[in-house]
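A short worksheet on the structure shown next.
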Amino acid sequence: MKRTEFIKGSAIIGASIAFPTLLKAASGITDGDKERKVYHVISANKTMVGTLPVLRAFAGDNNDYVSPYVFFDEFGPVSVDPRQKPLRVDAHPHAGIIPTTYFLDGNGHHRDSLNYDLQIGKGDFMMFTSGRGAIHMEETGQKLYNDGGLYHGFQIWLNMPSKYKFIDPATQVFHQDKTAKINEEDFTATVVMGELFGAKSKVEPMFPAFYFHINLKANKKITIPTDPQHNAFIYVIGGKIEVAGRKEIAQNQVVLYERGESDINIYCTEDAELLMLGGKPHNEPVFAYGPFVMNTEDEIRKCYTDYQSGKMGNPMLVDAKN
């Protein structure tokens, strides 16, 4: 693939506005003085990245309410047959962001211009800190190729604050022993980043951010405290939930919250699975051009020039077959 092809075909497009159902029957939510208000609800849209089907929840939009995150894709779930040609995203660059990958099912293969060649499995969490620029390719992994199975997970980008935009790139993979687990009667949770109810992940981002994977049992309620000055949002993986204002949030929808209060109340009448993410907003300008997310147009031009000149690596080498 020529280096210019990815750049030309990489415009960021976001999701669509949704109008949530307002519940009229008995509600499981009791409004409190410290409860966050819902700002907006959006629905993820289907798209393709390489040969991989994804649901895109946001991509550069609603930054005031999702920062320090800037992009959100759910890949799959898709069934892979044994010996099937890998679902693949060819070598492409990133700069100024940290693409994170979290696997719910299956496994993936990551190769990059930093000389990492990795198989990443269920429950693993990867951070590809692109900084001044690096290249990677992604595809379904060797175990899926051998045995088949379900491929399902998330690639969600953390935007790097200006002081880190041009640091050296790095690749890190955190296995399940680095995350924290919570097992309660009403819910279970994996604390991928941050701290929840005293359970703290060993994955430490370079700026305040949290990432919770929660399974809530039917007819149960959970109240999650947050820093009132930090952003928070929820993506429903499966089932449906009720949130503030008696709004019903369906599968593959995102609910964005206003800042200023602490508590996020969630109730469900059926089993529900969700991600809750957020952190301290950067409060900086965002200039995005495909896989490059910077603070000024001049920085974007520098990224483009660096990529074209080979300073981020050679995409043909990253794409090379084993």
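Mind the numbering: the sequence shown is residues 1 to 322 in our numbering, read in order.
Where is the CB? At the ideal position from N, CA and C, for every residue including glycine.
Small disclaimer: the values here were computed from a predicted structure and weren't measured.
Check: Shortest alpha-carbon distance to Ala-288 belongs to which of Leu-55, Asn-146 and Leu-158?
Finding: What you label residue 288 is simply residue 288 of the sequence shown in a count that begins at 1. Measuring C-alpha to C-alpha distances from Ala-288 to each of Leu-55, Asn-146 and Leu-158 identifies Leu-158 as the nearest.
Notebook entry, point to check: Since Asp-112 is in the beta strand (DSSP E), which residue starts that stretch and which ends it?
Noted result: As a working mapping, residue 112 is identified with position 112 in the sequence shown. First-last of the beta strand (DSSP E) with Asp-112: 108-112.
Check: Around the C-beta of Ser-309, are 16 or more other C-beta atoms found within 10 angstroms, so that it is buried, or is it exposed?
Finding: By one-based count along the sequence shown, residue 309 stands at place 309. Around the C-beta of Ser-309, fewer than 16 other C-beta atoms lie within 10 Å, and the residue is accordingly described as exposed.
Notebook entry, point to check: Does DSSP put Tyr-116 in a helix, in a strand, or in coil?
Noted result: Taking the first residue of the sequence shown as 1, we reach residue 116 at position 116. Note: Tyr-116 maps to coil in three-state DSSP.
Item checked: Exposed unless 16 or more other CB atoms sit within 10 angstroms - verdict on Pro-285 -> Start at 1 with the first residue of the sequence shown, and residue 285 comes out as number 285. Pro-285 counts as exposed, since fewer than 16 other beta carbons sit within 10 angstroms of its beta carbon.
Margin query: Quick check for students: name the residue ranges of the alpha helix (DSSP H) that lie wholly in the segment 240-316, counting only runs of 4 or more.
Written below: Runs found: 297-308.
Notebook entry, point to check: So what's Lys-202 in DSSP terms, helix, strand or just coil?
Noted result: Start at 1 with the first residue of the sequence shown, and residue 202 comes out as number 202. Look at Lys-202 here: in three-state DSSP terms it is coil, with no helix or strand label.
Next item on the list: Inspect the CB distances between the segment 183-190 and the segment 253-265 and report whether three or more fall short of 8 Å.
Entry: In short, these stretches do not touch, since the Cβ pair count stays below three.
Item checked: Residues near Tyr-307 by beta carbon distance below 6 Å, same chain, minus five either side -> In the sequence shown, residue 307 corresponds to position 307, counting from 1. Correct list, in chain order: Pro-93.
Check: CB Ile-167 to CB Gly-198, shorter than 8 Å?
Finding: The count along the sequence shown starts at 1 and reaches residue 167 at position 167. The count along the sequence shown starts at 1 and reaches residue 198 at position 198. Cβ distance not < 8 Å, so Ile-167 and Gly-198 don't count as in contact.
Next item on the list: Starting from Asp-105, follow its DSSP beta bridges and name the residues at the other end.
Entry: In the sequence shown, the residue the question calls residue 105 occupies position 105. Answer is His-152.
Item checked: Three-state secondary structure (DSSP) of Asn-62 -> Within the sequence shown, residue 62 is the residue found at index 62, counting from 1. For Asn-62, the three-state secondary structure derived from DSSP is coil.
Notebook entry, point to check: What does Asn-215 pair with, by DSSP beta-bridge criteria?
Noted result: Taking the sequence shown and counting its residues from 1, the one referred to as residue 215 is at position 215. Looking at the DSSP assignment, Asn-215 forms a beta bridge with Thr-188 and Glu-273.
Margin query: Let me check one thing: in DSSP terms, what residues is Tyr-164 bridge-paired to?
Written below: The residue you call residue 164 lines up with position 164 of the sequence shown. Under DSSP, Tyr-164 takes part in no beta bridge, so it has no partner.
Notebook entry, point to check: Do Phe-125 and Asp-112 have their C-beta atoms within less than 8 Å of each other?
Noted result: Reading the sequence shown from its first residue, position 125 is the one you call residue 125. Reading the sequence shown from its first residue, position 112 is the one you call residue 112. For Phe-125 and Asp-112, no; Cβs fall outside 8 Å.
Next item on the list: Could you pull the start and end residues of the beta strand (DSSP E) that Lys-181 belongs to?
Entry: Reading the sequence shown from its first residue, position 181 is the one you call residue 181. Boundaries of the beta strand (DSSP E) harbouring Lys-181: 180-183, taken from the DSSP string.
Check: Closest to Gln-119 by CA distance: which of Gln-172, Gly-76 and Ser-162 is it?
Finding: The residue given as residue 119 occupies position 119 in the sequence shown. Nearest of Gln-172, Gly-76 and Ser-162 to Gln-119, Cα basis: Gln-172.
Check: Is the CB-CB distance between Pro-228 and Glu-270 below 8 Å?
Finding: Your numbering for residue 228 matches position 228 in the sequence shown. Your numbering for residue 270 matches position 270 in the sequence shown. Between Pro-228 and Glu-270, the CB-CB gap reaches or exceeds 8 Å.
Notebook entry, point to check: Of the choices Glu-299, Lys-247 and Val-203, whose alpha-carbon is the least far from that of Thr-100?
Noted result: For the purposes of this step, residue 100 is taken as residue 100 along the sequence shown, with counting starting at 1. Of the candidates Glu-299, Lys-247 and Val-203, the one whose C-alpha sits nearest the C-alpha of Thr-100 is Val-203.
Check: In the DSSP assignment, what are the bridge partners of Arg-88?
Finding: Looking up residue 88 in the sequence shown gives position 88. Answer is Glu-139, bridged to Arg-88.
Note to self: At the level of alpha carbons, what is the spacing between Gly-239 and Gly-153?
What the structure shows: If you number the sequence shown from 1, residue 239 lands on position 239. If you number the sequence shown from 1, residue 153 lands on position 153. One C-alpha to the other measures close to 17 Å.
Note to self: Which same chain residues end up closer than 6 Å to His-352 when comparing Cβ atoms and leaving out the 5 residues on each side of it in sequence?
What the structure shows: Look at the range of the chain in this structure, 1 to 322, and you will see that residue 352 is not part of it.
Check: What is the residue span of the beta strand (DSSP E) that Ala-320 lies within?
Finding: By 1-based counting over the sequence shown, the position of residue 320 is 320. Where Ala-320 is concerned, there is no enclosing beta strand (DSSP E), given that its DSSP letter is neither H nor E.
Checklist line | Spatially closest choice to Gly-133 from Met-312, Ala-320 and Leu-317, by CA coordinates | finding: The count along the sequence shown starts at 1 and reaches residue 133 at position 133. Selection Met-312, Ala-320 and Leu-317 evaluated against Gly-133 yields Met-312 as nearest (Cα-Cα).
Next item on the list: Please report the residue range of the beta strand (DSSP E) in which Phe-174 lies.
Entry: Within the sequence shown, the letter at position 174 stands for residue 174. Per DSSP, Phe-174 belongs to the beta strand (DSSP E) from 170-174.
Notebook entry, point to check: What are the residues that DSSP puts in a beta bridge with His-230?
Noted result: Mapped onto the sequence shown, residue 230 falls at position 230. His-230 is bridged by DSSP to nothing; it lacks a bridge partner.
Next item on the list: Quick one: give me the first and last residue of the beta strand (DSSP E) that Glu-74 is part of.
Entry: For this step, residue 74 is matched to residue 74 along the sequence shown. Run containing Glu-74: 69-80, per the beta strand (DSSP E) assignment.
Check: Based on the DSSP secondary-structure assignment, which residues constitute the bridge partners of Lys-220?
Finding: Working through the sequence shown from its first residue, we reach residue 220 at position 220. DSSP lists Cys-268 as the beta-bridge partner residues of Lys-220.
Checklist line | Contact between the segment 267-281 and the segment 42-56 (3+ Cβ pairs under 8 Å) | finding: With a cut-off of 8 Å, the segment 42-56 and the segment 267-281 do not count as touching, because too few Cβ pairs lie within range.
Next item on the list: Please classify Leu-52: is it buried, with 16 or more other beta-carbons within 10 angstroms of its beta-carbon, or exposed?
Entry: As a first step, residue 52 is located in the sequence shown; it is residue number 52 there, counting from the start. Burial is judged here by how many other beta carbons sit within 10 angstroms of a residue's own beta carbon; Leu-52 has at least 16 and is buried.
Next item on the list: Mind checking who Asn-146 pairs with in its DSSP beta bridge?
Entry: Locating residue 146 in the sequence shown gives position 146, where the first residue counts as 1. Answer is none; Asn-146 lacks a bridge partner.
Next item on the list: Rank His-40, Asp-61 and Met-206 by C-alpha distance to the C-alpha of Val-163 and give the top, closest one.
Entry: Walking along the sequence shown from the start, residue 163 turns up at place 163. Checking the sequence, you will find Lys at residue 163 rather than Val. Of the listed residues, the one whose Cα sits closest to Lys-163 is Met-206.
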